[in-house]
Every structure is written in structure tokens, then in C-alpha cells.
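Protein chains in written order, with the working numbering: chain A, 184 to 415; chain B, 157 to 899; chain C, 36 to 113; chain D, 36 to 113.
Ideal placement from N, C-alpha and C gives every residue a C-beta, glycine not left out.
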Ligand SMILES: Nc1ncnc2c1ncn2[C@@H]1O[C@H](COP(=O)(O)OP(=O)(O)O)[C@@H](O)[C@H]1O
Ligand SMILES: [Mg+2]
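Shown next as C-alpha cells:
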């Protein structure tokens with residue numbers, strides 16, 4: 184397996200994702216520079232968090248017009264695995280690889296904290312190590328994570344089991360109090376129809392090591408690793 | 157001088173010099189150094205360089221007294237930031253700096269550019285910023301203006317730091333009426349650098365090119381340094397166009413480009429453009445190296461049409477750097493900055509004549525000796541005198557204080573005090589986890605980050621109790637240092653060195669100068685006793701509005717190291733049925749306490765005694781005990797005293813406690829005294845004996861006070877219950893005091 | 036030549052910023068305000084080019100606005 | 036009644052947003068664009084009230100724009 188972490192100007196979780204892949208999961212990992220088109224033969228692409236191009240237009244909007252994105256889209260359309268985290272999720276909606284859009288948080292403030300998520304689809308290459316309905320804790324850190332999709336789109340998402348993570352309480356209820364940013368239906372992460380592209384606002388790379396006190400995010404990377412090895 | 161004449165600058169006289177902030181004597185000194193009358197560009201440059209903000213003219217002779225040497229020190233004061241050794245080659249580079257006045261004028265941008273400035277100071281030296289903190293002082297939140305300022309300042313710090321990608325891992329917020337019209341915004345940054353990769357502000361090698369990189373120069377903040385060197389008045393309104401806009405995205409690019417550049421051997425020296433922009437960066441580089449520079453100002457990338465040499469030299473546009481490259485490597489340097497989409501231009505060259513010469517379209521428009529202007533800047537030994545209010549405060553007699561029956565309510569009121577209550581509303585707006593190094597997130601005594609290349613961790617704490625400094629600046633100065641050290645030690649780390657930001661009123665007033673001199677003396681004694689030298693710092697005077705000064709506020713940030721980051725401690729109870737030990741002796745000191753202010757509306761008495769010896773022992777014990785994994789958690793006793801410290805330990809994991817005393821003292825003093833050199837530690841039964849042994853070995857006074865149990869906080873004295881509150885009720889108050897006001 | 040592109044959230048999309056301003060306006064006694072919506076204006080300075088209008092429309096659709104949540108209008112100036 | 040308040044950065048103030056959009060537009064082949072500045076529009080729905088114009092001016096100055104770095108203009112609609 185070979186992983187690639189895309190670097191846009193303003194990406195700032197690129198090194199964090201690289202670190203987890205390379206040093207924690209010991210996967211061959213390379214950076215992919217936004218001005219290039221060559222994917223260097225990777226079979227897993229991470230669009231990391233951060234503020235690509237300062238997020239000065241809509242979040243992820245300028246990044247979705249960079250050179251590397253053309254290759255990423257092609258890669259995804261052929262079934263390649265793509266994970267967009269936070270700003271990466273925003274890029275994925277801007278490129279239309281994923282439906283919907285991410286609006287400003289309901290309270291208009293940046294929020295950094297641990298949140299509880301309920302895993303509602305464990306049949307993706309990213310979530311095979313979770314059990315259905317499992318409650319996990321993963322931190323969020325964003326200003327624009329308020330997932331929006333119209334009703335028709337939402338119904339489609341639900342029908343196709345594309346919702347992967349929802350914000351929930353400690354005991355798993357997906358009521359409004361457990362919704363940190365106002366997302367439709369408490370949505371925190373979704374996959375595309377084929378299931379090979381995952382976008383999520385929470386940061387699994389921030390909880391993939393013992394020393395950081397939480398391993399809940401590790402399983403996403405590990406699931407991808409095992410999946411690509413043909414293990415599961 | 158036809159080019160010079162084309163700008164139609166006025167002839168320089170005393171009046172113009174004055175308008176730019178120079179005193180008559182200073183203008184005379186300038187003429188003497190030059191041997192002639194400066195022209196308009198030159199006088200602008202001189203007045204900025206000699207402003208209080210850039211020249212430290214009122215503080216210099218006193219700052220010299222601070223200890224700056226120590227085993228760990230790699231770079232002391234004098235460069236952009238200080239550097240200490242953490243683990244072999246791995247060094248920490250850090251500094252704190254004020255952005256007070258700009259943050260009052262435009263809270264968001266003022267605070268944001270403050271963060272930008274301090275980050276640049278750190279990465280200019282070759283260090284990648286890995287942690288930021290901020291120390292904030294506002295008026296009280298009963299005032300709409302304060303709410304607006306705090307909202308803007310916090311959003312600005314978040315907006316800049318989050319986008320740049322540095323975790324903001326801690327800080328402090330203090331509220332008092334004296335900051336109503338003069339909030340303090342002190343920003344701190346820490347970076348990691350390898351010892352052999354440190355870069356300094358050097359301009360050496362005749363003929364080497366001087367390269368400008370980063371954002372284009374605009375008319376922002378012209379004469380900002382002068383503004384920071386004056387009292388605030390109604391007139392400051394008119395200076396508002398000075399506000400600078402921060403561009404964190406550009407700063408991020410600048411960081412990545414600079415670090416990429418520094419991997420190679422292309423450059424000799426580098427300096428960020430901070431206060432007084434191109435002026436101070438070029439003069440500093442030339443004077444430090446005993447060289448000279450020629451600058452072709454028409455080559456400087458500008459944002460607006462028609463900018464003049466004067467404006468270009470004095471602009472404080474953000475996100476810019478000046479560097480000296482090795483001749484022949486210009487193209488390599490330019491290539492890297494182009495890769496990162498940054499403006500870059502060769503704007504001059506190094507000479508050896510000791511002058512800064514400025515050119516415009518090939519003609520010299522200014523010509524100034526670098527070293528004399530930097531090093532012979534005016535220095536003042538300003539008169540100082542003990543203010544009268546001090547004696548008035550001392551006449552307070554604690555025993556006459558009205559007794560309060562309902563101490564539960566007192567505790568609630570203290571937890572509800574803005575100074576004690578949770579700062580979650582603030583820190584949850586900061587990305588405190590990016591870079592995945594944050595081992596202890598905000599909410600404990602110190603923040604702790606790991607270093608990926610090492611087993612060691614770095615602990616940080618920012619502290620200063622301005623009320624102590626007001627009633628007794630000398631003790632206050634010492635206590636700021638020891639509290640910061642204690643907080644660092646609570647995590648298990650050894651305090652190593654400090655940086656400081658000295659926020660005071662108008663130094664031309666003898667009473668203010670006295671506060672300054674005393675506070676510095678206190679800092680010095682504490683730094684010597686704890687062997688924690690000062691490696692960098694910043695002075696901010698003139699924090700006054702309409703003649704009223706703020707409390708003297710010497711912010712201290714302590715940096716420490718923990719040998720094995722896996723042994724890090726937090727300050728919340730970890731498990732039920734462990735022992736609660738109170739370490740250190742209570743002297744029942746209530747002067748200048750939060751209790752006095754909150755429950756009796758009084759600021760009076762004296763600050764608690766400074767116990768340097770006991771503090772040192774407590775710190776050594778903590779480092780030793782945590783290294784041996786003997787403790788579950790630890791929290792020092794500070795504002796609000798024992799009861800507040802104990803309550804704070806119960807919140808995170810909702811683990812309650814029962815403790816009892818047997819003391820002949822007023823209950824309120826027992827609960828809320830702020831005597832120093834004390835801490836609460838949590839120890840499992842398994843380790844109790846070993847911990848007691850160790851406490852004895854260090855000669856520490858201690859008492860086993862109770863156990864972790866239940867969902868309440870219960871405190872008895874002589875068998876009587878004096879506190880009995882439910883954790884959730886207490887926590888709710890603690891968590892909502894600030895949040896409630898901000899919504 | 037100056038061109039202005041106005042971008043605003045579709046009516047069906049919630050605008051928390053507008054909502055917050057409305058609340059704060061009401062608190063401050065501006066109770067005659069019934070609703071606030073916040074939009075963006077992009078002021079472009081452009082040189083003459085072929086098919087200018089089409090190109091502006093294209094960049095508006097592709098970059099300046101996100102048609103899933105926003106609508107835009109273009110005003111060509113002097 | 037509809038009122039639009041346009042807020043934009045003063046000419047002399049840096050506009051990092053506009054700058055970033057300009058760069059990206061150029062990279063994507065829209066090289067006929069010479070400059071981009073980003074502003075805001077506040078669309079207010081208001082009821083009739085005394086001194087409407089003055090009040091709108093006041094709220095623009097105090098809440099919608101930050102006069103230190105921004106300027107505003109008001110357009111009263113139907
Ligand atoms: N401005 C701030 N930014 C980030 N964190 C803060 C800020 N103010 C306070 N905190 C965090 O809140 C916690 C409590 O702060 P404080 O009451 O000052 O602690 P202490 O009394 O131990 O010095 C600390 O972890 C501190 O880092
Ligand atoms: Mg503490």
C-alpha cells in the first residue's frame with residue numbers, strides 16, 4: 184500500500200496525517216503537491232485539514248480548482264480510496280465528489296473540542312473496525328462544519344446508507360444538544376455512492392496514538408490499510 | 157538631491173521632530189550624531205527607532221539586572237526570541253510580546269497581528285512554531301464594551317493562529333476595571349529548532365544581496381511603534397488608520413518557504429519586519445554585524461501607488477521578512493519563494509561602511525550611521541518614588557473582616573468569579589490540537605506538548621496576578637515567576653527558563669517607574685532562586701487611558717521540560733479512593749486575595765509571602781515524584797485558595813472528595829487563603845508510603861487531608877462541615893460564568 | 036472595466052450570520068428590522084477580452100458562488 | 036421595505052481574500068482579471084419607522100461596518 188497526503192498552500196494537518204500513516208501505521212507515504220498532477224502511484228489519498236488558500240473564498244473552494252484535484256477526481260472516479268478530513272471534506276463537496284456543502288457553524292464561532300460520534304455505516308473501506316452503532320470520540324476543530332443538503336439529497340443519502348458518522352451524546356442520542364455546529368441530521372461524515380470517498384469534519388489523525396489519550400481515530404487508517412491489503 | 161526634492165517633504169525643525177514623538181534633547185542628540193540636520197525621511201526613521209517601543213529607553217538600565225545565564229540557555233535576550241536546550245540538539249525558541257493598543261482600537265485585527273508578529277519572531281530564528289499561548293486582561297464583563305473587545309480579541313487570536321496552524325495550548329484571562337479602556341493582549345509562541353540550524357539577524361559579507369520577501373508593503377501602521385509609546389487619549393481615535401490587517405495564510409506560506417530555505421546554506425541572516433518595519437530590521441542587522449547596508453527602496457514591492465521612501469521605511473505591513481543571502485545564491489532563494497507564491501525582490505546589498513544608505517531611482521535620499529543610532533539611542537534613568545496608595549492598603553486588618561456564615565455560597569461565588577471560572581469559552585475557539593502534539597490540553601495548570609523526535613515533553617504556563625503586583629509590585633513580580641514555575645512543575649516538568657512581557661503605565665511618572673523597578677527586582681530574585689533565567693521579553697509602557705494606569709502586569713511565561721512525556725500529570729482527580737495530600741504550609745493570608753475581592757469587594761492588605769525556598773523544594777519534589785510515577789494528579793493552590801483548587805480537581809472526571817482539618821483558624825481563612833508554595837496531590841494507597849518518604853526527604857510540610865469519594869465536595873474543620881456542595885452544581889457555575897456573559 | 040458579482044445564500048438555506056445580526060439589532064433597539072441576510076460582493080477589475088460575459092458567468096458559477104447553496108447575479112459597470 | 040447596505044474595505048486596507056481569489060483566478064486561466072476586492076451586502080427587510088434613514092445609517096456604522104477599516108453605502112429599495 185502507498186498513501187499520499189495532498190499539500191495545498193495553507194494545509195496544516197498535512198504533517199499530522201503523514202505522521203499517523205507513516206510512523207504509526209508504518210505505511211509507505213508521500214506528500215502530493217497541489218501544483219502537480221502526478222499521484223506517484225498511491226492507492227490511498229488523504230485531503231488533510233487546514234485552511235487551503237486561507238479559506239478566503241468558501242472553505243475548500245479555491246483548492247478544488249488546483250491542478251492536483253483533477254487527478255484526485257479521476258482517481259476517485261476509478262474507485263480509488265479518498266479520505267477528506269475537515270478542510271478536505273470541504274474540498275470534496277466543492278469538487279462535487281461528495282454531495283452537499285459545509286456552511287458556517289450555527290454559533291458562528293470556531294469550535295475545537297472532542298465530540299461523540301455514532302458510526303452508522305461499518306461497510307465502507309474506512310470503517311470496518313467499528314461495530315454498527317458504536318459510539319466513538321473524535322475531536323473537531325472548524326469554523327465551517329455545518330453540513331447542508333436539501334431534503335431530497337438527504338433522503339438519498341439515508342437511502343443509500345451514505346451517512347457514516349453522526350454527532351451524538353455520550354449515550355448515542357442524535358438530538359440537537361449533541362449537534363455542535365447545526366449540521367443537517369447531525370451529519371459528521373458521509374461517503375459517496377460507491378463508498379470509496381469519505382468526507383468527515385472530525386479529525387481521526389488527532390486521536391490515533393496512545394500518548395494523546397485516545398485511539399478512536401486509529402481504526403479508520405487501519406481499516407484502509409487492511410482493506411488495501413485485501414485482508415478484509 | 158532632485159529626487160529627494162520631488163517628494164516635497166518639509167524642512168525638518170524642532171516642531172516636526174516633536175510631532176514625530178522626539179523630545180527636544182533627543183532631536184539635539186540626533187543632530188549631534190549626524191553632525192547635521194536630518195532630512196524628513198531620516199527624522200522619521202530616527203523617531204521610530206528611538207521610540208520607547210523600539211529603543212527600551214526607560215527600561216534598558218533595569219532590564220540589565222535580570223539573570224540571563226544558565227546551563228540550558230542557548231540564546232538569551234537580544235535576538236528575535238530566546239532559545240534553550242531541551243534534549244541534546246533539540247531546542248525550544250520562544251518569546252511573548254504585547255499588542256495592547258492595537259487590540260483596543262480594533263480588537264480582531266489588533267490581536268490577530270499580535271499573534272502574527274510573535275510567530276514571525278520565532279520562525280525567523282529557524283524554529284517551527286509548535287505552541288502558542290496568550291495572556292489577556294480586560295475590564296469586567298458587566299460592560300458591553302468589554303464583551304465586544306474580548307469577543308474580537310479572542311476571535312482574532314483564533315482566526316490567525318488556527319489558520320496558520322499553530323496550536324494555542326494555554327494562556328490566562330484576568331478581569332478588572334482598570335483594564336476597561338486599556339486591555340492587555342500578550343501573545344506567546346514557542347518553536348522547535350535544532351541547535352545547528354539557528355538563524356540570526358546578521359548582515360555580513362560585503363556585496364551580499366539583501367532580499368525582501370513576503371507581503372507587499374502598504375501604508376499600514378505607519379508610525380505604529382510611536383503609537384505604542386504614547387498614552388491613550390481622545391486623539392488616538394484619529395490615529396486609527398494605523399490599524400494593520402493580518403493575513404495568516406500568507407504567514408503560513410512565509411513559514412514554509414523560510415523553513416525550506418533554511419534547510420540549505422543560501423542565507424547569512426534573516427530578520428522579520430516587526431515594529432517600525434524596514435527601518436528596525438535593516439538597522440538592527442547592520443548594527444549587530446558592524447556592517448552597513450544600501451537599500452534601493454524603489455525595488456520594494458508595494459501594494460499602493462505613489463508610496464514614498466518615508467512611507468516604505470516606516471510601514472508596518474505584516475508578513476514580511478528581510479534576509480541577507482550569499483552572493484550567487486539569489487536565484488535559489490527566489491525560486492523557493494516563487495514556489496510558495498510569495499513576493500520576493502532583491503532590494504539592496506551589504507556594505508562595510510557602517511551606514512544605512514537609502515536610494516530612490518538611483519539617487520541617495522537618506523544616509524544614516526547604523527551603529528550610533530542603534531546603540532547611542534537615548535537611555536533614561538527615570539526617577540521613581542513609592543506611591544502613597546501602598547501604605548493605605550497595608551492598613552487593612554484581616555481580623556476585622558466581617559464573618560460570613562454561608563461558606564458554600566462563598567465558594568460558589570468564587571467559582572463564578574470571572575478570574576477563576578473556566579476559560580472554556582475562550583480556548584474552545586482555539587485549535588489547541590493541530591500538529592497532534594498536545595498531551596495536556598487547556599484546563600490544567602500547565603499545557604504539555606510532546607516532541608515527536610524525543611521522549612521529552614515541554615510544559616508551559618503563563619501567569620501573573622496583577623492584584624498582587626498592585627499592592628506589592630516586588631512580591632507580585634516574584635509570585636508571577638513562582639506561580640508559573642509551580643504550574644509547570646504540577647505537570648511533572650522541571651521549570652527551565654522564562655520570557656516576560658512587562659505591561660505598565662506611563663514611565664515618566666515616578667510612581668509607575670517605582671512599580672516597574674520593584675516588580676523587576678522581585679522577578680530577578682525569583683528567577684535566581686529557581687534557576688530559571690530570562691531568555692527573552694518585551695516591555696509595554698504607557699498602558700494608561702486619560703491618566704489612569706492599569707495594574708502593573710508583568711506577564712511571565714515559564715517553559716519547562718519533562719523527561720518522559722508519558723509521566724505527565726493533569727490537575728483533575730483520576731480515581732476514587734485515593735488519598736488527598738495538601739503539601740505546603742498555610743499562613744492564612746487573605747490580603748489581595750480573590751476572596752477579599754469577590755466576597756467583600758475589597759482590594760487591600762499585602763500580597764502573600766514569597767517563599768522561594770519552599771517553592772524550590774515543592775518543584776523538586778514534583779519532578780522527582782512524577783518521574784517515579786507516584787502521583788495520580790496534582791494541582792497548585794492559587795487564586796481562591798484551597799477550596800477552589802480542590803473543587804477544580806473534581807470537575808473533569810466528576811470525582812468528589814471528603815477532607816477534614818483540625819485547625820484553630822477562621823473557616824473562611826482556612827478555605828480561601830492564598831498562601832504560596834502549596835499544592836494538592838492525589839496519591840493511590842499503593843504509593844502513599846513512598847510519597848510520604850519523598851515529602852520528608854524534601855523537607856516539605858504536608859498533611860493527609862482526605863480521600864476521593866462520591867459526587868460532592870466536602871470539607872470539615874474540627875468535625876464541623878464547612879463546605880458541602882454537589883460537584884455538578886459547582887461545575888455548572890464554574891463552566892457557565894464566562895460563557896453566560898458572552899452569549 | 037469594473038464588474039460586480041453578487042452572491043447570496045439561497046432563500047432555502049439558513050443564514051446564521053444574518054440571524055445573529057438580526058438578534059443583536061433587536062437587542063439594541065432596532066426593532067423595526069424584520070430580517071437580515073448577508074451576501075458577498077466581488078468587485079472585479081477586468082481588461083477587455085473576448086466573450087467577457089460568458090467568462091464572468093463561468094467564473095461566478097465555478098468559483099465565486101457554490102450553486103448548491105448560493106445564487107449569484109452579475110452587474111457590468113463602466 | 037428592502038434596504039441594502041454595502042460594506043467594503045477601504046481602498047488602502049489590505050484585502051487578503053481578494054488577493055487569494057485573484058491568484059487562483061489567474062492560475063485557472065482567467066487572466067483578464069486584474070484585481071479582486073471582496074465586500075459584503077446586508078439585505079434588510081424593515082418595517083416603516085420614524086427617521087428610518089438615520090437609523091439605518093446608525094446601524095451601518097455601529098454594527099454592520101467597522102469604520103476603522105471599512106466604508107459603507109446604503110441603497111433603499113422598493
Ligand atoms: N486565554 C487563554 N487561552 C487559552 N487557554 C487559557 C486562556 N486562559 C486560561 N486558559 C486555560 O485555562 C486553564 C486555567 O487557567 P488559569 O486559571 O490561569 O490557571 P492557573 O490558576 O493554574 O494559572 C489553563 O489550562 C489555561 O491554560
Ligand atoms: Mg495553577
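Between residue 644 of chain B and residue 716 of chain B, which are expected to be in contact by the criterion C-beta below 8 Å, what is the C-beta distance as a whole number of angstroms?
Yes, they are in contact, since the Cβ atoms of residue 644 of chain B and residue 716 of chain B sit about 4 Å apart, within 8 Å.
Between which residues of its own chain and residue 36 of chain D is the CB-CB distance below 6 Å, once the five residues before and five after are set aside?
Same-chain partners within the cutoff: 81.
Is it buried or exposed, residue 690 of chain B, if we count other Cβ atoms within 10 angstroms and call 16 or more buried?
Residue 690 of chain B should be labelled buried.
Could you tell me which whole alpha helix (DSSP H) segments of length 4 or greater appear in the segment 746-780 of chain B?
Correct list: 750-756.
Have a look at residue 219 of chain B and residue 257 of chain B and give me their C-alpha separation to the nearest angstrom.
If I take the Cα positions, the gap works out to 23 Å.
Give me the chain C residues within the contact set of residue 289 of chain A, using Cβ-Cβ distance strictly less than 8 Å, ordered along the chain.
Ordered by position in chain C, the residues that pass the 8 Å Cβ test against residue 289 of chain A are 51.
Hey, is the segment 250-258 of chain A in contact with the segment 212-232 of chain A, meaning 3+ C-beta pairs nearer than 8 Å?
In short, these stretches touch, since the Cβ pair count reaches three.
Measuring alpha carbon to alpha carbon, tell me which residue in C:46, C:101, C:83 and C:52 is nearest residue 3 of chain C.
Since the first residue of chain C shown is 36 and the last is 113, residue 3 of chain C is not available in this structure.
What would DSSP say about residue 41 of chain D, mapped onto helix, strand or coil?
Three-state result, residue 41 of chain D: strand.
Among B:810, B:827 and B:811, which one has its Cα closest to the Cα of residue 818 of chain B?
Here the closest residue by C-alpha is B:827.
What does residue 382 of chain A pair with, by DSSP beta-bridge criteria?
Bridge partners of residue 382 of chain A: A:267 and A:373.
Would residue 539 of chain B be called buried (16 or more neighbouring beta carbons within 10 Å of its own) or exposed?
By the neighbour-count rule (16 or more Cβ atoms within 10 Å), residue 539 of chain B is not buried but exposed.
Report the partner residues of residue 373 of chain B according to the DSSP bridge assignment.
Residue 373 of chain B is bridged to B:458.
Determine whether the beta carbon atoms of residue 402 of chain B and residue 280 of chain B lie at a separation below 9 Å.
Contact: no.
Going by DSSP in three states, residue 217 of chain A sits in which element: helix, strand or coil?
Residue state, collapsed to three classes: coil.
Hey, how far is the Cα of residue 203 of chain B from the Cα of residue 176 of chain B?
Taking the straight line joining both Cα atoms gives about 6 Å.
Identify, in the order they occur along the chain, each residue of the same chain with its Cβ nearer than 7 Å to the Cβ of residue 857 of chain B, setting aside the five sequence neighbours on each side.
For residue 857 of chain B, where only same-chain residues beyond five positions count, the Cβ hits under 7 Å are 740 and 741.
Can you check which of these residues, B:737, B:346 and B:357, is closest to residue 506 of chain B by C-alpha distance?
Here the closest residue by C-alpha is B:357.
What do you get for residue 545 of chain B, buried or exposed, if any count of 16 or more other CB atoms within 10 angstroms of its CB means buried?
Burial call: exposed.
Check whether the segment 423-440 of chain B and the segment 523-533 of chain B are in contact - that is, three or more C-beta pairs closer than 8 Å.
Because the criterion of three Cβ pairs below 8 Å is met, the segment 423-440 of chain B and the segment 523-533 of chain B touch.
What does the alpha-carbon distance come out to for the pair residue 476 of chain B and residue 749 of chain B?
Distance between the alpha carbons of residue 476 of chain B and residue 749 of chain B: 44 Å.
So residue 55 of chain D contacts chain A; which residues on that side make the cut at Cβ distance below 8 Å?
What residue 55 of chain D touches in chain A: 236, 237, 239, 240 and 245.
Look up residue 568 of chain B in the DSSP assignment and say whether it is helix, strand or coil.
Reduced to three states, the DSSP call for residue 568 of chain B is helix.
Taking DSSP as the reference, what is the three-state secondary structure of residue 717 of chain B?
Strand at residue 717 of chain B.
Taking only the alpha-carbon atoms, compute the straight-line gap between residue 340 of chain A and residue 215 of chain A and give it to the nearest angstrom.
Spanning the two alpha carbons is a distance of roughly 30 Å.
If you measure from the beta carbon of residue 101 of chain D to each beta carbon in chain B, is any gap under 9 Å?
Closer than 9 Å to some Cβ of chain B, the Cβ of residue 101 of chain D qualifies, so yes.
Do residue 417 of chain B and residue 898 of chain B count as a contact pair if the criterion is CB distance below 9 Å?
Contact: no.
So what does residue 858 of chain B bridge to, in DSSP terms?
B:739, per the DSSP bridge assignment.
Any idea what DSSP makes of residue 258 of chain B, helix, strand or coil?
Looking at residue 258 of chain B - three-state DSSP - the assignment turns out to be helix.
What is the DSSP secondary structure of residue 533 of chain B, counted as helix, strand or coil?
Of the three classes helix, strand and coil, the one that applies to residue 533 of chain B here is coil, per DSSP.
Select from A:308, A:292, A:249 and A:195 the residue whose C-alpha is nearest the C-alpha of residue 458 of chain A.
No information on residue 458 of chain A is available, as it lies outside the stretch 184 to 415 that chain A covers here.
For residue 709 of chain B, which of helix, strand or coil comes out of DSSP?
Residue 709 of chain B: strand per DSSP, three-state reduction.
Is it the case that the segment 570-590 of chain B contacts the segment 884-894 of chain B, given that we only count it when at least three CB pairs across the two stretches are under 8 Å?
They touch, by the three-pair rule.
Taking DSSP as the reference, what is the three-state secondary structure of residue 701 of chain B?
It is a strand residue.
Do residue 480 of chain B and residue 430 of chain B have their C-beta atoms within less than 9 Å of each other?
For residue 480 of chain B and residue 430 of chain B, no; Cβs fall outside 9 Å.
Which same chain residues, not among the five before or five after residue 509 of chain B, have their C-beta less than 6 Å away from its C-beta?
Answer for residue 509 of chain B: 448, listed in chain order.
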